[in-house]
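Chemist: Let me give you the structure first, and then I'll get to my questions.
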Amino acid sequence: MEPAPKADPRFVADGVFYAELNELLVRELAEDGYSGVEVRQTPMRTEIIIRATRTQSVLGEKGRRIRELTSVVQKRFNFPPETVELYAEKVANRGLCAVAQAESLRYKLLGGLAVRRACYGVLRFVMESGAKGCEVIVSGKLRAARAKSMKFKDGYMVSSGDPVRVYLDSSVRHVLLRQGVLGIKVRIMKDWDPTGRQGPKMPMPDVVKVHEPKEEEVFADKAKDLDL
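Numbering (the UniProt record's numbering), first residue to last: 1 to 228.
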C-alpha cells in the first residue's frame, strides 16, 4: 500500500493564516457588516482586503481603526514593518451576501425578534435583491425544551455538482441565548449575470441556448449561385 502524499507545508500555513485572520475579523467587525476577507500577496508586501457593508465604520475616524487592525495583524503574524496593508471594500449588494444576512439574522434573534418573523424577513430581502433562491435553517431550543430545526426556503436551489461551488454562497453563525445556543445557516443561490456584477458569468450547465435561425434569403442566394 502506497503512503498517502504529504501536504505542502506552505499550503497548510496559508490556510491556517487565512482561518485565524478570518476569525479575528469576524469577532472584531461583526457589528460592521463584515462579509469576508481576501489576501493578496506580492513580492513587496501583503494586501488584505476586508469586505463589509459599513466600510466607514471599519475605517474609523480619520482611519484610526484600520490602523489599529493593521498593527494587530502585523504583530500577531510577525510581519516586518510596512509590509502589510489593510483595505476596506464595500459589498456591492448585501442582499446577495450570505455572511451579511447571517449576521443580520443573528442580531435580530439577539434582539428578541420571533424566529419565524426574522427568517421570513431575511428571505424576502434576499429574493428582492435579485437572488434565484434562498434557504435559512435555524436549529436549537427555539421555544420548547426540546431542540429542533426550522427550515425556510424560497426560489430555486441546487445542492450538488460544480454549480454549488460557483452559484451558492453559504454562511454559518451561532447565537448565544439564555436557553442555549442557536445555529444559523444561510444559503443564497445567485442568478447568472453575464457582466459578473450580481452573479457568476458562467451559465448553468443545463441551460439550453436557442440560436436565431438564419435568414432564408441567404439560402436563396446560394441556390442561385449553384444554378449558374
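No residue lacks a Cβ here, since even glycine has one placed at the ideal position from N, Cα and C.
Give the range of the alpha helix (DSSP H) segment to which Leu110 is assigned.
Modeler: Ala98 to Leu110
Chemist: Let me make sure I understand the geometry here. Which of Ser104, Arg40 and Ser71 has the alpha-carbon closest to that of Val122?
Modeler: Ser104
Chemist: Assuming Val26 is part of the alpha helix (DSSP H), what are its boundary residues?
Modeler: Here the alpha helix (DSSP H) through Val26 covers Pro9 to Leu29.
Chemist: Roughly how many angstroms lie between the CA atoms of Leu109 and Ala144, to the nearest whole one?
Modeler: Roughly 16 Å separates the two Cα atoms.
Chemist: Of the choices Ala100, Asn93, Gly95 and Leu182, whose alpha-carbon is the least far from that of Asp146?
Modeler: Here residue 146 is Arg; the residue named in the question, Asp, does not match the sequence. The candidate whose alpha carbon is nearest that of Arg146 is Leu182.
Chemist: Check whether the region 66–83 and the region 109–120 touch, using three or more Cβ-Cβ pairs below 8 Å as the test.
Modeler: no
Chemist: What residue range does the alpha helix (DSSP H) around Tyr167 cover?
Modeler: Asp162 to Tyr167
Chemist: Is the Cβ-Cβ distance between Ile49 and Val37 less than 9 Å?
Modeler: yes
Chemist: Counting C-beta neighbours from all protein chains within 10 Å, is the total for Glu135 16 or more, i.e. buried, or is it exposed?
Modeler: buried
Chemist: Between the Cα of Ser171 and the Cα atoms of Gly95, Arg51, Ala100 and Thr53, which residue gives the shortest distance?
Modeler: Ala100
Chemist: Which term fits Lys190, buried or exposed, when burial requires 16 or more other beta carbons within 10 angstroms of its beta carbon?
Modeler: buried
Chemist: Does the beta-carbon of Ala19 have 16 or more other beta-carbons within 10 angstroms, so that it is buried, or is it exposed?
Modeler: exposed
Chemist: Pull up the distance between the alpha-carbon of Thr53 and that of Val26, whole angstroms please.
Modeler: 13 Å
Chemist: Please list the terminal residues of the continuous beta strand (DSSP E) segment that includes Gln74.
Modeler: Counting along the chain, no beta strand (DSSP E) covers Gln74; the unbroken alpha helix (DSSP H) around it starts and ends at Arg64 to Arg76.
Chemist: Go to Tyr120, then tell me how far its alpha helix (DSSP H) extends in each direction, as first and last residue.
Modeler: Val115 to Glu128
Chemist: Judging by CA-CA distance, which residue of Asp32, Lys75 and Ile188 is the nearest neighbour of Gly60?
Modeler: Asp32
Chemist: To the nearest angstrom, report how far apart Lys203 and Ser149 are at their CA atoms.
Modeler: Contrary to the premise, residue 203 reads as Pro rather than Lys in this sequence. Each residue's Cα considered, the two are about 33 Å apart.
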